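First comes the structure, then the notes that go with it.
Residue numbers (the numbering used here): 9 to 529.
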């Protein structure tokens with residue numbers, strides 16, 4: 009939109025809408041520059057040089073010496089009657105600069121511009137230089153002055169070649185190699201700077217430039233380009249109009265960029281908001297007929313006692329039980345009982361309950377499985393890195409395998425068990441969690457753990473571990489920077505808001521439905 013609008017301005021298609029120059033006079037050009045175009049036109053005619061004529065049929069012609077030829081096939085578009093088509097070489101002189109190496113620049117000295125700086129430092133116009141050279145080197149250089157237009161002769165791609173910037177400063181500046189300055193043109197320098205960035209001129213530069221990895225163009229080739237030249241006063245109006253549009257476009261670009269950031273981040277932010285509402289009991293309505301969460305926790309504790317008696321798990325001497333009394337939350341570990349109101353992060357529904365993650369079943373750490381120990385076929389296994397790269401919220405088959413001889417020494421998880429990482433690259437993604445919903449057993453590699461015998465809806469636990477509330481817990485407790493670690497004991501100490509089992513099922517269903525909608529945004 010920006011380039012198209014400028015193209016209209018520079019081709020004269022919107023000239024009648026331009027505002028006055030606003031007191032800019034002849035745009036600050038010295039009297040010599042204001043008169044130079046007329047002198048060049050007169051000189052051309054006097055010496056039989058190249059000039060342009062308009063015949064009665066309004067077809068542009070070019071005169072070279074005594075020869076006159078039609079430019080009907082070369083002129084790209086119509087221009088207003090008061091405009092003229094002119095070769096760039098007929099407007100002043102294009103002077104190539106002298107080589108200035110980067111190691112020849114100094115912190116202070118005589119000002120200079122190197123060609124690469126036109127791409128990185130200078131915009132449409134500038135008034136002072138960012139680099140300097142010694143006085144000795146400066147004496148050997150060619151210099152540009154007020155109103156001259158700099159152009160690069162070397163670049164990385166053809167559309168950007170001959171990038172132009174008008175110099176509007178006072179002190180003459182040394183021009184480095186691989187750039188040229190357009191001097192004694194008698195034009196509004198800002199008009200030239202803008203028109204060199206127009207789609208029409210860019211198409212001509214692309215056609216004339218050579219090279220692929222390193223692109224070159226010469227002053228002679230630039231000189232052959234046909235330029236639409238408005239009257240000097242109209243050039244000023246065009247410049248003023250473009251500058252006013254640039255302010256609008258810049259403001260629009262900022263708003264468009266902010267909108268793009270919002271569009272890029274909104275789906276993930278919405279997912280996090282959904283999970284946060286879910287663990288706070290605000291995603292689905294409570295059902296008074298649901299069995300309270302405390303009854304579920306009693307069954308989980310009974311299950312753990314049974315497994316302890318059978319010797320399948322070890323007894324936790326500091327088993328946590330959290331309960332309410334006198335509108336406060338208390339935790340009992342062994343014979344110790346303490347108020348934990350300061351730890352409770354938010355209010356939950358009446359039929360929910362708080363408990364430590366370690367009280368929900370058992371967390372078992374896997375055993376190391378090296379990548380070199382995996383085979384194409386064998387017993388299924390999971391290595392911790394695959395939780396980050398291969399598995400999502402849930403999975404039912406493994407993608408890696410180990411030989412039976414190694415599998416027999418591994419620890420295994422089963423359907424409904426929740427698997428999470430203990431090592432990662434950052435504190436936000438640490439303890440990334442998935443649930444296994446397949447058949448059989450899978451060997452657990454090192455640096456991951458599986459959460460078993462929990463009797464919860466396993467997907468609720470996965471979503472809990474991905475909620476902003478739990479991510480903050482992980483961020484606080486994980487250690488390391490480049491390589492981040494977290495232990496099962498630290499995860500086990502997390503407070504979990506436990507809904508009734510039926511509500512867990514409704515929460516999971518609601519999350520999945522909402523996530524499906526978010527994925528379409």
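Where is the CB? At the ideal position from N, CA and C, for every residue including glycine. The structure displayed is predicted, hence computed values, not measured ones.
| Check | Outcome |
| --- | --- |
| Completely contained alpha helix (DSSP H) runs for the segment 215-271, where each covers 4 or more residues | 227-231 |
| Cβ neighbour criterion (16 or more within 10 Å) applied to residue 51 | In this prediction, residue 51 scores a pLDDT of 37, lower than 50, which makes its location untrustworthy; the coordinate-derived value is nonetheless stated afterwards. Residue 51 is exposed by the Cβ-count criterion. |
| Environment of residue 323 [buried if 16+ CB atoms lie within 10 Å] | exposed |
| Within 8 Å, strictly: CB atoms of residue 119 and residue 181 | yes |
| Length at least 4, wholly inside the segment 402-452: the alpha helix (DSSP H) runs in chain order | 412-415 |
| Burial state of residue 43 (16 or more Cβ within 10 Å) | Here the model assigns residue 43 a pLDDT of 35, short of 50, so the residue's position is not dependable, and the following value carries that caveat. The residue is exposed, with fewer than 16 neighbouring Cβ atoms inside 10 Å. |
| Residue range of the unbroken alpha helix (DSSP H) whose run includes residue 322 | That residue, residue 322, is in no alpha helix (DSSP H); it is neither H nor E in DSSP. |
| Paired residues, beta bridge with residue 337 - DSSP | 332 |
| Three CB pairs or more closer than 8 Å across the segment 240-252 and the segment 112-127 | no |
| Counterpart residues of residue 96 in DSSP-defined beta bridges | Answer is none; residue 96 lacks a bridge partner. |
| Cβ pair residue 534, residue 511 closer than 8 Å | Nothing can be reported for residue 534, as the shown portion of the chain is limited to 9 through 529. |
| Beta-carbon proximity list for residue 376, same chain, < 6 Å, skipping 5 on both sides | 454 |
| Beta-carbon spacing of residue 374, residue 457 below 8 Å | yes |
| Cβ neighbours of residue 177 in the same chain (closer than 6 Å, five flanking residues each side left out) | 135, 136 |
| Nearest residue (CA-CA) to residue 462, options 313, 446, 432 | 313 |
| CA-to-CA distance, residue 368 to residue 306, given in whole angstroms | 10 Å |
| C-alpha gap between residue 26 and residue 246, whole angstroms | With a pLDDT of only 33 at residue 26, under 50, the local geometry of the prediction cannot be trusted, and the value read off the model is given with reservation. Taking the straight line joining both Cα atoms gives about 7 Å. |
| Reduced DSSP category for residue 147 - H, G, I as helix; E, B as strand; rest coil | coil |
| Of the residues 271, 168, 264, the one placed nearest residue 211, counting alpha carbons only | 168 |
| Where residue 1 falls, given that 16 or more other Cβ within 10 Å makes a residue buried | The structure shown does not extend to residue 1, since the chain is modelled only from 9 to 529, so the question has no answer here. |
| Separation of residue 273 from residue 237, as counted between CA atoms | 47 Å |
| Residues of its chain near residue 438, where Cβ-Cβ distance is below 6 Å and the 5 sequence neighbours each way are ignored | 432, 482, 486, 492, 494 |
| Paired residues, beta bridge with residue 317 - DSSP | According to DSSP, residue 317 bridges with nothing at all. |
| Whole-angstrom distance between residue 468 and residue 435, CA atom to CA atom | 21 Å |
| Contact test: residue 75 Cβ vs the ligand ADP heavy atom, cutoff 7 Å | As for the ligand ADP, it is missing from this structure, which has no ligand bound. |
| Residues that residue 493 bridges to, as DSSP identifies them | 431, 487 |
| CA-to-CA distance, residue 521 to residue 378, given in whole angstroms | 38 Å |
| Secondary structure of residue 127, DSSP reduced to three states | helix |
| Beta bridge counterpart(s) of residue 292 as assigned by DSSP | Residue 292 is not bridged to any residue. |
| Of the listed residues 117, 142, 106, 260, nearest to residue 152 (C-alpha basis) | 106 |
| Rounded C-alpha distance that separates residue 71 from residue 85 | 20 Å |
| According to DSSP, residues forming a beta bridge with residue 459 | 371, 426 |
| Exposure of residue 77, with buried meaning 16 or more beta-carbon neighbours within 10 Å | exposed |
| Secondary structure of residue 141, DSSP reduced to three states | strand |
| DSSP three-state assignment for residue 391, whether helix, strand or coil | coil |
| Rounded Cβ spacing between residue 423 and residue 445 (contact assumed at less than 8 Å) | 6 Å |
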